[in-house]
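Following: one structure in structure tokens, then a few remarks.
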Amino acid sequence: MRSRRPPSLTLRTTLAFALVAMLTVAGAGLYLYVSIGRTVMQRSDHAVLARLDHFRKLLRYDLTLDKLESSPQLFENMLDSEEDIFIIGEPGKPPVISVNPSHAPLPQVPVVGQDQALNDTDLRSGMSLEGVPLRAASVQALSGNTEVHLLAAHVMVKEMAMLASFRQRIYVAMTLAFVIAALLGYLLLRRGLRPLRRMAAHAADITPATLDSHRGSRLDSHDTPVELHQLSDAFNAMLDRLADGYQRLMQFSADLAHEIRTPVGSLMGHCQVALRQTRSVDEYQALLASNLEELERISRLVESILFLARADDAQAVLERQPLNLEDELQRVAGYFEGLAEERQLRIQTSGGGTLNADPILLRRALSNLVANAIRYADADSEILVRVDRRDSEWLIQVENQGPVLAPAALTRLFDRFYRGDASRHQRSDSNGLGLAIVAAIMHLHGGRVTVAQPVAAPIRFTLVFPA
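At position 462 of the sequence shown the residue is numbered 480 (our numbering), and the sequence of numbers has no breaks.
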């Protein structure tokens, strides 16, 4: 089952940007809506209280119930709108004046004394028959010597209509903010991500033929935004590693073909010569012995390549155990003693200690270094193999006096199939993988191998093991 592809970065960022813009407008609109609603409510409350206070004063000084009862139309004209409710009457009697055009039910309202000041806490909320909120208050007044109760209310029809209109505008503003922010965000992101698309197109154009061309395949960091410099530099570094690895692979393939071609060509030549005429048994045996030697060389080459492949893929499992380094050095020196004497060389060992390492791989690394020293050391010289402990590392050094190598050659000694004597086209008992195997063994142990040759001084290989 194929997994769903995640939405594009442009789409996700555009939607997020538009959502933030919409929520921002919604938050601002909600704040304004609540603020305006409170202001409208306060104005309505103040109008109700001001009307009660005004009529209470009129009844006290000018108006009487008789005048109001004889001129009800005049009283109605004194109100502001049809949403205003006003009721005047004596306690326990039918109201003298009752203005309630919408017949809205009135809430229970406490009556404020005639000498008490009116405030917002004296108001009560109710609901008209149409479901519109209203605010009401009641006050006691004196008309001559008669006690009168005044009740004023206001049905907030216009106010609710205004708030509803404002609410609709907020919805429209939210929608427009979302759409406009989405369009602008998309355009800005498309423009902002243009360098990434150029990088993708540039990467798609890279081929093995252009991989090693710095001008053709590398990204120009100066042509990218600051935020992409790290990505550009990392991409160029990756291309450098790929180019180096590809170059090494090409060189390895060429070297491998050369190494195999030599013994295979020798085998074919021996067989062709043998088949030209009838040979004696001794000659056939000599031919088979020569072929066997070439086959053994191919077998060693294949084993070395297989070991390096496993080391590169981290498939080799180390069997670490405590090793006496003095014994290990003596073992390797004894093994190569005969070969060293043939070349009038002497192997000297010194130092010791206990190292936790794989015994087979350690002996192979030491054997490769000592064999390399015997192969290239000056006649009648010494090969020094010593152990030293520095801080948290074990150092095993193999040193011999030999030909002076250029610095460029020293850096390539651990490359596969590289020979420092430049005898690549000559028959040799070395396949150029010995030092590469040493480097792979040290990598498996979490250590490293180094080489140094000061001017007019012996060449020194150092195995560095973590203690």
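For glycine and all other residues, C-beta sits at the position ideal for the given N, C-alpha and C.
Measuring straight from C-alpha to C-alpha, what distance separates residue i and residue j?
i: Gly-3; j: Glu-360; result: An answer regarding residue 3 cannot be provided, because it is not within the stretch 19 to 485 covered by the chain.
i: Leu-285; j: Leu-306; result: 10 Å
i: Ala-44; j: Leu-181; result: 15 Å
i: Leu-423; j: Leu-387; result: 16 Å
i: Glu-250; j: Thr-57; result: Note that residue 250 corresponds to Ser in the displayed sequence, not to Glu. Computed Cα separation, rounded: 57 Å.
i: Leu-206; j: Gly-55; result: 38 Å
i: Ala-46; j: Thr-139; result: 30 Å
i: Arg-445; j: Arg-279; result: Bear in mind that a pLDDT of 42 at Arg-445, under 50, signals an unreliable position, so the model cannot answer this.
i: Leu-136; j: Leu-41; result: 41 Å
i: Ala-219; j: Ala-327; result: 34 Å
i: Ser-183; j: Ser-62; result: 18 Å
i: Arg-382; j: Met-460; result: 11 Å
i: Ala-200; j: Asp-258; result: 40 Å
i: Leu-211; j: Leu-260; result: 26 Å
i: Ser-26; j: Asp-241; result: 24 Å
i: Asp-300; j: Glu-277; result: 29 Å
i: Ala-485; j: Gly-464; result: 10 Å
i: Tyr-79; j: Gln-186; result: 48 Å
i: Tyr-204; j: Glu-245; result: 19 Å
i: Val-403; j: Gln-348; result: 9 Å
i: Phe-325; j: Asp-273; result: 17 Å
i: Gln-132; j: Pro-119; result: 27 Å
i: Ala-304; j: Ser-298; result: 10 Å
i: Leu-70; j: Gln-134; result: 12 Å
i: Val-320; j: Pro-24; result: 46 Å
i: Gln-471; j: Gln-265; result: 27 Å
i: Ser-410; j: Ile-378; result: 23 Å
i: Ala-554; j: Lys-111; result: Here the chain comprises residues numbered 19 to 485, so residue 554 is not present and cannot be evaluated.
i: Arg-407; j: Ala-397; result: 30 Å
Excluding sequence positions up to five away, which residues of its chain have a Cβ less than 8 Å from the Cβ of residue i?
i: Glu-108; result: Leu-83, Val-114, Thr-164, Glu-165, Val-166 and His-167
i: Pro-123; result: Gly-144, Met-145, Ser-146 and Leu-147
i: Met-19; result: Low confidence applies to Met-19: its pLDDT is 46, below 50, so where it sits in the model is not reliable, and the reading given next is rough at best. Excluding residues within five positions, none has a Cβ falling inside 8 Å.
i: Leu-48; result: Ile-188
i: Ser-385; result: Val-350, Tyr-353 and Phe-354
i: Thr-372; result: Pro-340, Leu-341, Asn-342 and Leu-343
i: Val-66; result: Leu-141, Arg-153, Ala-154, Ala-155, Ala-170, Ala-171 and His-172
i: Asn-374; result: Arg-338, Gln-339, Pro-340 and Leu-341
i: Ala-292; result: Glu-301, Tyr-302 and Leu-305
Whose C-alpha, out of the options, is nearest the C-alpha of residue i?
i: Ile-103; options: Lys-111, Gly-110 and Pro-125; result: Pro-125
i: Leu-313; options: His-288, Ala-327 and Glu-301; result: His-288
i: Gln-366; options: Val-405, Pro-377, Pro-340 and Val-335; result: Val-405
i: Phe-483; options: Ala-68, Pro-472, Val-473 and Val-467; result: Val-467
i: Met-59; options: Trp-412, Gln-132 and Val-150; result: Val-150
i: Ala-34; options: Gln-134, Ala-179 and Leu-202; result: Leu-202
i: Leu-77; options: Leu-380, Ala-68, Leu-37 and Leu-160; result: Leu-160
i: Asp-262; options: Leu-293, Thr-228 and Ile-323; result: Thr-228
i: Met-174; options: Glu-321, Glu-100, Lys-111 and Met-268; result: Glu-100
i: Val-52; options: Ala-222, Met-178, Lys-111 and Val-157; result: Met-178
i: Leu-267; options: Ala-39, Ile-323 and Gly-369; result: Ile-323
i: Ala-500; options: Thr-31, Leu-310, Leu-50 and Gly-356; result: Outside the displayed span of the chain (19 to 485) sits residue 500, for which this structure offers no information.
i: Gly-283; options: Gln-295, Asn-309 and Thr-296; result: Asn-309
Here's the rule I'm using: 16 or more other beta-carbon atoms within 10 Å means buried, otherwise exposed. How should residue i be labelled?
i: Ala-275; result: exposed
i: His-64; result: exposed
i: Thr-225; result: exposed
i: Gln-248; result: exposed
i: Arg-318; result: exposed
i: Thr-193; result: exposed
i: Val-197; result: exposed
i: Val-130; result: buried
i: Ala-426; result: exposed
i: Ala-523; result: Any question about residue 523 goes unanswered here, given that the chain covers just 19 to 485.
i: Ile-401; result: buried
i: Arg-22; result: exposed
i: Arg-215; result: exposed
i: Val-190; result: exposed
Leaving out five residues on either side along the sequence, give the residues of the same chain with a beta carbon under 6 Å from the beta carbon of residue i.
i: Arg-142; result: Pro-125, Val-127 and Ala-154
i: Pro-281; result: Glu-312, Arg-315 and Ile-316
i: Ile-105; result: Pro-113, Ser-116 and Leu-169
i: Phe-479; result: Leu-387, Val-416 and Val-469
i: Lys-176; result: none
Check the C-beta distance from residue i over to residue j and give it rounded, since I have them as a contact under 8 Å.
i: His-172; j: Leu-152; result: 6 Å
i: Phe-462; j: Ala-329; result: Just to set this straight, residue 462 is Leu in the shown sequence, not Phe. Indeed, because the Cβ distance is near 6 Å, the residues count as touching under 8 Å.
i: Ile-414; j: Ala-358; result: About 18 Å separates the two Cβ atoms, so there is no contact after all.
i: Phe-270; j: Arg-434; result: 6 Å
i: Ala-395; j: Phe-432; result: Wrong, their Cβ atoms sit about 19 Å apart, outside the cutoff.
i: Leu-363; j: Ser-399; result: 6 Å
i: Arg-18; j: Thr-31; result: Because the chain spans 19 through 485 in this model, residue 18 falls outside it and cannot be assessed.
Return the chain-ordered list of same chain residues with a C-beta closer than 7 Å to the C-beta of residue i, the five sequence neighbours on each side being excluded.
i: Pro-476; result: Glu-417, Asn-418 and Gln-419
i: Arg-236; result: Asn-254 and Leu-257
i: Asp-376; result: Leu-336, Glu-337 and Arg-338
Between residue i and chain C, is any beta-carbon pair separated by less than 8 Å?
i: Arg-361; result: In the structure shown, chain C cannot be found, because there is only a single protein chain.
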